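Notes follow once the structure below has been shown.
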Amino acid sequence: MLYGMAFIRIQDVGKSFETAAGKFFALRDVCLSIEGGEFVAIVGKSGSGKSTLLNLVAGIDRPTQGTVDVGTTAVHRLTENQLAAWRGKNVGVVFQFFQLMPTLTAIENVMLPMDFRGVWPPRERLDRARRLLADVALGDQAAKLPAELSGGEQQRVAIARALANDPPLIVADEPTGNLDSRTADAVFALFTDLVRHGKTIVFVTHDRDLASRASRLITLSDGRIVDDTGGAGRVPVGAGPPAAVPVPSAAAAARVDDGGGPP
Amino acid sequence: MPLPPRWRKVWRDLWLHRSRTVLVVVSIAVGVFAVGVVAGTRQILARELEASFASINPASATLQTLAPFGSDLVRSVAAMPAVAEAEGRRTVYVRLETAPGVWTNVQLIAIPDFRAITLDRVLPVTGAWPPPERGVLIERSAIGLVQHAVGDDVVIKTPSGRRKTMRLAGLAFDAYALPYTLDGVAFGYITYDTLAWLGEPRDYNELHLTVAENRHDRDHITDVVEQVRDKVERDGRAIFFMTIPEPGKHPLDSTIQGMLLLLGVMGALALGLSGFLVTNTVAALLAQETWQIGVMKAIGAQRQQIAGMYAGMVAAYGALALVVAVPTGILGTRAFTQLMAGYLNLTVSDARVPPAVLALQVGIALVVPLVAAAVPIVAGTRISVREAIAAYGLGTGRFGTHRLDRWVERVRGLSRPTLLSLRNTFRRKARLTLTLATLTMAGAMFIATFSVNASLTRTLDGMLELWQWDIAAQFSQSYRVERLRNAALSVPGVVAAEGWSYTTARHTSATGGGGSSLLSFSVPLIVFAPPAESRLIKPPLIRGRWLVPQDEQAIVVTTGVLDDQAGLDVGGRLALRIGGRDTTWTVVGVTQGIGPMPFVYANYPYFSALVREAGRAQWLAVVTDRHDPEALGGIAEQLEAELEQAGLRVGLIAEIHQERAEVAAIFEGILALLLVMVGLLAVVGGLGLAGTMSLNVIERTREIGVMRAIGASDLALLRIFVTEGMLIGFLSWALALVVSVPLSIAITRALGGALLGSALKTVFSPVGAAAWLGIVLVVAALASVLPARSATRVSVRSVLAYE
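As you go down the protein sequences, you meet chains A and B in turn. Following the working numbering, the numbering of the first sequence begins with 23 at its first residue and continues without gaps. Following the working numbering, the numbering of the second sequence begins with 41 at its first residue and continues without gaps.
Here it is as structure tokens:
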């Protein structure tokens, strides 16, 4: 965590794509700072550029112009391969469709990022993955394949996977978009808990209600930030730097509804 | 330590996608199997051929004389400093009765002492050893021909026309003798006592010798043989035939090498095609797992880590293929070696596959798939996370942007499902290209094999046009032409008869004569002197002209003669020693020969006078009124009986269809082997198409769901995919037609050169093309039905949830 300077700094960022119909500008002249420990929701209509912005923050994509700095890293300067290595240690990604490896069990999916980045010694990986699954109330489902889990369960495995290497930043693209409202609530509660434990979370959503529960709401339209509210409203952070293993509250875990969401 | 999760993913992907794994493993295994069998057979045959041939102590040269000679000459040749060993034998041509009234030519070799053969050893197989008096051992490859069992009595006709009953005392193996199937002559072995009993003198007409030094130096051998020849000729014996085999090589060595080279090419082709299949499958696999690659990258996997995972998967395919290909390859090698050994009359004492071949299989099973997969792995793992996770939904595989797509779009008048099949075919162009390449090569080889067969038939027909006779008889000595003609014309069914001079000659400037790539031999020139206006010979002239009655000192030569005489052509002069006389001739024409044997044609009146045989002949050519093999056989028997009755000593009887069968036999084995390899290629091609079609189905699962949702029945879905498969099959057939043309030309040239010493006339085979169309459509339909059936099992609900 960098004190005295914003954790995420986006400066004059533009992003355009070449399409059959010509150049499409997804983002134009975006400037944005996000402090460590903020819980940020990005909203906007389809095509407004919100997923593009999230991808830039996560190092999934690079800007056509401008700079993206996360912590001490100039993300826009990294190659694809350097980005992968950086992301593995610094960013946890949660997708709308969960995107678990279908041929790996829940616990193996959680261990996969550790395997790629080697952050944890091999002997510790299994224990850590078990703890992470227990934290998302799936300790007893560790040996199941994704196809055997409900949508909510899959998304919780995906969150555990995102936390595997203990990254300070979690990005999520429509994390509840494929879940029913009760399951979405439960997943959201997990996020809230993570922020309490010092993680910075940036997520994209269509759901205004969920967005309003974030500490900061950024609205995009036609590739520009048209509204940015609640920047000061940070979720109180616990004492000191983020815990190595965030522990969501038992109440949050209990609220998760396992029955919801499509498989 | 448990396996890390990424390797567990690789392992489970292999297991969970069993049908895909089996498909790829079988494809690689087919290529590795083919290469293993060809390489193994090649090594075993080379090893066994060398051992078997060395064990018989092959002679450096063999000289046959027109007049017999005695032991003194043999001893004096053996005493020459340059000669290590010399041995005399006597060869007589007899006719053996295989069934009542049916006779075949047998070359009987009389050996002075069976227990002390030093050169060109003949080895016992079954029965008595040495053969008893009045007994004969038959070369084992000819036992099928004689149609008698060991222990039976057989009737033979001696050169003097007498009938004798002999005991078929056993079988022998003569590694030096060409198998009956290739040579058309059955060999028999007798003692000198039996020879005397047959009424033949106890002397020699064959001299086998080895040189004392530099046994593998052909030039040195030639020098020594020239000294021996001069000695023999000074002794008053004209040389009839002289052979100098390629030192240390089996007579069929170049034929075997040619066949194995061809099979090697086919094996490599099968391997290459299975490589294509791996490329295709891995490309599709990566395309299918694009989002997984994106997610792995998103959670921190670097490109080399992901590439390593897929390379590991491909290596596992290779390792699994080895499990299949090594044992089947060993069995295949044994079977194939035995087949080749039977065809070539070889004994294989040790059929163990050399470790080097197994190492080769391991190498190619691991390396070739990795090389084949390298491009798709590099390309597939290059994708950025954003592109990877954005690639979902309908429409994988671009259609509509390529010029080809616009042509396809213009196709009108078809039903919507058929249009869908047509356009889907061109959707994945790289995949289509590789699938087409696989099927096209298989098809082109198939059609080319048929074309080679047709070319052979045409060439043989062309060659045998030369002989306008139906039956020919060769005599042990010359007879007056009128006597021969009268005897022949008295046989019912004979409509014309001519007597020709027939002898051998050699260049006076060089030993031997035309080299033959078929036999690895140096052989003398064979001289035929028919009457110039003869209608029983019709040589296919390449250059110059045929003989006219006024010709003196004029000859027409076959291409085989030119091979050995650089610069000789029409107008050139050729110095020949014929029957001990030095003569000079002018070449007036060049003609296509039968096989690689060097033939010379001269004008009968001049030639017969030259060799002091005016009005006499050793060769009788006969035309019959019927030409089917059965009728010819009957007339040949009557002719033989009539000639015998007239006191004419018949050496050999040849029927034109037998001549043809002998040349064709050389090709039949090769064509059969080619067809086996083509079968393997077709299997790889079919697997490739099946793979492509299953990947298409998997890739379009969402589209199938949508089609289902808007009312597509099982049959409609089945039709869409099977039509697409058959369309690919049809396209590959059209391409195979084009590719088969240069391929047919290349193979017929190579085979003609290796086996006949001249190029075959390439003939395109419409039968082959039609047959392949049928086969490829059936294969395509079968390869598409299973994937299409799995498409019909897709439910709308599962598809909407499908990721």
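In this text, a Cβ means the ideal position worked out from N, Cα and C, and glycines have one as well. Please read all numbers here as calculations on a predicted model, not as lab measurements.
At a beta-carbon threshold of 7 Å, the residues of chain B lying near Pro135 (chain A) are Ile339 and Gly340, ordered along the chain. DSSP lists B:Trp659 as the beta-bridge partner residues of Trp540 (chain B). Counting only Cβ-Cβ distances below 8 Å, Arg52 (chain B) has contacts in chain A at Thr125 and Leu126, in chain order. Pairing Thr499 (chain B) with Gly584 (chain B), the inter-Cα distance amounts to about 21 Å. The DSSP-derived three-state label of Arg585 (chain B) is coil.
Every alpha helix (DSSP H) of 4 residues or more that sits fully in the segment 215-245 of chain A is shown, in chain order, as 230-234. For Ser530 (chain B), the three-state secondary structure derived from DSSP is coil. Look at Ala413 (chain B) here: in three-state DSSP terms it is helix. Counting the other Cβ atoms within 10 Å of the Cβ of Trp55 (chain B) gives fewer than 16, which makes it exposed. Ranking B:Pro571, B:Lys337, B:Pro669 and B:Ile370 by CA distance to the CA of Val72 (chain B) puts B:Ile370 first. Taken in chain order, the complete alpha helix (DSSP H) segments of 4 residues or longer contained in the segment 190-226 of chain B are 220-223.
Contact between Glu175 (chain A) and Gln118 (chain A) is ruled out by a C-beta separation of about 15 Å, above the 8 Å threshold. Listed by position along chain B, the residues whose Cβ is nearer than 7 Å to that of Ile82 (chain A) are Ala338, Val425 and Arg426. Taking CB atoms only, Ile429 (chain B) has a neighbour in chain A less than 8 Å away.
Per DSSP, Thr499 (chain B) lies in no beta strand (DSSP E) segment; the continuous alpha helix (DSSP H) that holds it begins and ends at Lys469 to Glu505.
The residue among B:Ala569, B:Leu300, B:Asp591 and B:Val597 with its C-alpha nearest the C-alpha of Leu581 (chain B) is B:Val597. The segment 639-651 of chain B makes no contact with the segment 671-679 of chain B, as fewer than three CB pairs between them are under 8 Å.
For Val115 (chain A), at least one C-beta of chain B is nearer than 8 Å to its own C-beta. As the crow flies, the alpha-carbon of Asn254 (chain B) is around 28 Å from that of Asn385 (chain B).
At a Cβ-Cβ threshold of 8 Å, Gly58 (chain A) and Phe29 (chain A) count as neighbours.
In this structure, Gly420 (chain B) and Ala327 (chain B) form a Cβ contact; the two beta carbons are roughly 7 Å apart against a cut-off of 8 Å. In the three-state reduction of the DSSP assignment, His290 (chain B) falls in the coil class.
Listed in chain order, the alpha helix (DSSP H) runs fully inside the segment 94-165 of chain A are 102-112, 128-139 and 144-157, counting runs of at least 4 residues. Annotation: Glu573 (chain B) to Thr234 (chain B) spans about 45 Å, alpha carbon to alpha carbon. For the alpha helix (DSSP H) assignment, the uninterrupted runs of no fewer than 4 residues enclosed by the segment 96-179 of chain B are, from N- to C-terminal side, 111-118. DSSP places Leu49 (chain A) within a strand segment (E or B) once states are collapsed to three. The alpha-carbon of Gly228 (chain B) is positioned some 10 Å away from that of Asn145 (chain B). Interface annotation for the segment 169-193 of chain A against chain B: Arg183, Ala184, Ala186 and Asn187, criterion Cβ-Cβ distance under 8 Å. Residue environment analysis places Leu43 (chain B) among the exposed positions, since fewer than 16 neighbouring C-beta atoms fall within 10 angstroms of its C-beta. Residues of the segment 317-338 of chain B with a C-beta less than 9 Å from any C-beta of chain A: Trp331, Gln332, Gly334, Val335, Met336, Lys337 and Ala338, listed in chain order. Annotation: Cβ neighbours of Phe138 (chain A) in chain B (cutoff 8 Å, chain order): Arg46, Met336, Ile339, Gly340, Ala341, Gln342 and Gln345.
The segment 183-195 of chain A and the segment 72-92 of chain A touch, with no fewer than 3 CB-CB distances between them shorter than 8 Å.
In this structure, the beta-carbon distance from Gly167 (chain B) to Ala209 (chain B) falls below 8 Å.
The Cβ atoms of Pro172 (chain B) and Arg207 (chain B) lie closer than 8 Å to each other.
Look at Ala405 (chain B) here: in three-state DSSP terms it is helix. Nearest CB-CB separation between Lys49 (chain B) and chain A: below the 8 Å threshold.
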